[in-house]
Structures are given as structure tokens and as C-alpha cells.
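If you're matching positions, the sequence shown starts at 275 in our numbering and goes up one per residue.
The beta carbon of each residue, even a glycine, is placed where N, CA and C say it ideally should be.
Below is one structure, written out as C-alpha cells, with a few remarks after it.
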Amino acid sequence: MKILGIPGSLRRASINRALLVSARALAPAGVELVIDDLRPIPMYDPDLDDPAALAPVEAFKQRIAEADALLIATPEYNYGIPGVLKNAIDWASRPAYRSVFAGKPCAIVSASPSLMGGVRAQGQLKQVLLGMAAEVFPHPEFAVTQAGHKLHDGELGDEPTREHLAALLVALRAWVQRRQAGPSQSEPGL
Ligand SMILES: Cc1cc2nc3c(=O)[nH]c(=O)nc-3n(C[C@H](O)[C@H](O)[C@H](O)COP(=O)(O)O)c2cc1C
């Protein structure tokens, strides 16, 4: 199973990217997590017709299309999702309702130095994903609060949080497998 990890931050020392690096290390058997990079994506401009500028967008869409699921690690900026992430999503959201997001299983995580851990941005991102007919992983929010204490040197060091993240990945794998098995499979409780 191929999971595309999308960090909603361009920062070299991003704690959300670090969260994905730890998720990649903790991924259960059969799951390959590849971490994307939104840096090459230009600002959304539907009039942009320079093939060189559009190539990163097409490549990004292709990576989403080829993934069995997405794991988006979003920072929270002013109670919302960062423009960098929204910009990339907007590019990949066309054509509306028939884009690479339509029916795509998507899970969300976040990390923040705050006591809220970015949950407000998660709520906003969920709404955006639903607006593109993506399938949102029905799981309680996974938010790394006070991340300065838990994420060091690009790694999640806090053991309870690592265990929680590992369990989330196992649940995500099971959910994606059930979906791939077909609609007759009933969803067990969370
Ligand atoms: C413009 C801006 C707005 C921010 N607003 C919030 C916020 O609303 N809530 C929050 O928890 N953290 C907020 N932060 C702090 C970020 O959570 C923190 O910078 C975090 O490290 C960003 O994620 P990253 O390390 O993955 O880039 C804000 C940071 C910036 C730069």
C-alpha cells in the first residue's frame, strides 16, 4: 500500500514534515510512505500556460493519483491551513468532483507548539477535502500538542505519541484495505 505524505509546510525544520518522517519509520508492514514536497508548485493561476511551470503540478497530481491514500500533515496558521497547502490542493482539485482527490482516502495529522496542536486547521482541511469529494479517514484527531517538547531533531521522540501514531497508521491501513475490498465490507466501529 502506497501512502503519499503531504507536509503543509516548506520550512526546512518543519515539525509537520518531521511528523511524516516519523510516520514513515513507524509505518506497519505492507505500507510504504513517501513524503512529498510542495515547494515546486506555483501559485494557482488558471491562465498559466507555461508547460515548464505546470509540470510540477501535473507531477503532483500524478503522485496523488498513484497513491492508495494520502496522509496530510498540516501546520495551523491563524486557525486555518497554510496557503502553501491550500494552493497545492486547489491546483490538484480540478476538474471539480472528478479530480485526483475524488474518492481518495485521506488522513490528517498536525503538529504545533500550541496546546491545541493544530486541530482547528484539521477541521478546516477536512471541510476542504469533503468539498472535493475525497474520503476522509473517520478517526479521532491526531494532533501533536506542545510539539517543541515532543519533536526534536526532525523526529518524534515522545514515546506515547509514537505509539499513538503507530496505532493510527495500523488503523489507516485497515480502513484503506477495507475500502479496496469493496463496498460490501461493513465498517467496524472506531
Ligand atoms: C503565520 C503563522 C500563524 C500561526 N498561527 C498558529 C495558530 O493559529 N495555531 C497554532 O497552533 N500555531 C500557529 N502558528 C505556529 C505554528 O504552529 C508553528 O510555527 C509550526 O512550527 C508551523 O509548522 P511547521 O513547523 O511544520 O512549519 C503560526 C505560525 C505562523 C508562522
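For ligand 1, which residues have a Cβ under 5 Å from at least one heavy atom, in chain order?
Going by the Cβ distance cut-off, the answer is S283, R285, S288, I289, N290, P349, E350, Y351, N352, Y353, S386 and S388.
Inter-residue Cα distance where the pair is V418 and V305:
Cα to Cα, the separation comes out at about 22 Å.
Through-space distance from A455 to S388, alpha-carbon basis:
The alpha-carbon of S388 is positioned some 39 Å away from that of A455.
For the alpha helix (DSSP H) holding L403, just list the boundary residues, first then last.
Note, L403: alpha helix (DSSP H), V393 to G405.
Run the CB neighbour count on K276, radius 10 Å, all protein chains shown included, and call it buried at 16 or more, exposed below.
Residue environment for K276: exposed (fewer than 16 other C-beta atoms within 10 angstroms of its C-beta).
Select from G377, R453, E340 and N361 the residue whose C-alpha is nearest the C-alpha of T348.
Per the Cα distances, N361.
Mark G282 as exposed unless 16 or more other C-beta atoms lie within 10 angstroms of its C-beta, in which case mark it buried.
Buried.
What are the partner residues of V383, as DSSP defines its beta bridges?
Its beta-bridge partners are A347 and F416.
Here's the rule I'm using: 16 or more other beta-carbon atoms within 10 Å means buried, otherwise exposed. How should G422 be labelled?
An exposed status is given to G422, since fewer than 16 other beta-carbon atoms sit within 10 Å of its beta-carbon.
With distances taken from CA atoms, which of P412, A326 and G392 is nearest Y353?
Nearest to Y353 by C-alpha distance, out of P412, A326 and G392, is G392.
Mapping the DSSP letters down to three states, classify G268 as helix, strand or coil.
The requested residue 268 is not part of the displayed model; the chain covers only 275 to 464.
I need the boundaries of the alpha helix (DSSP H) containing G422, first residue and last residue.
Note, G422: alpha helix (DSSP H), A421 to K424.
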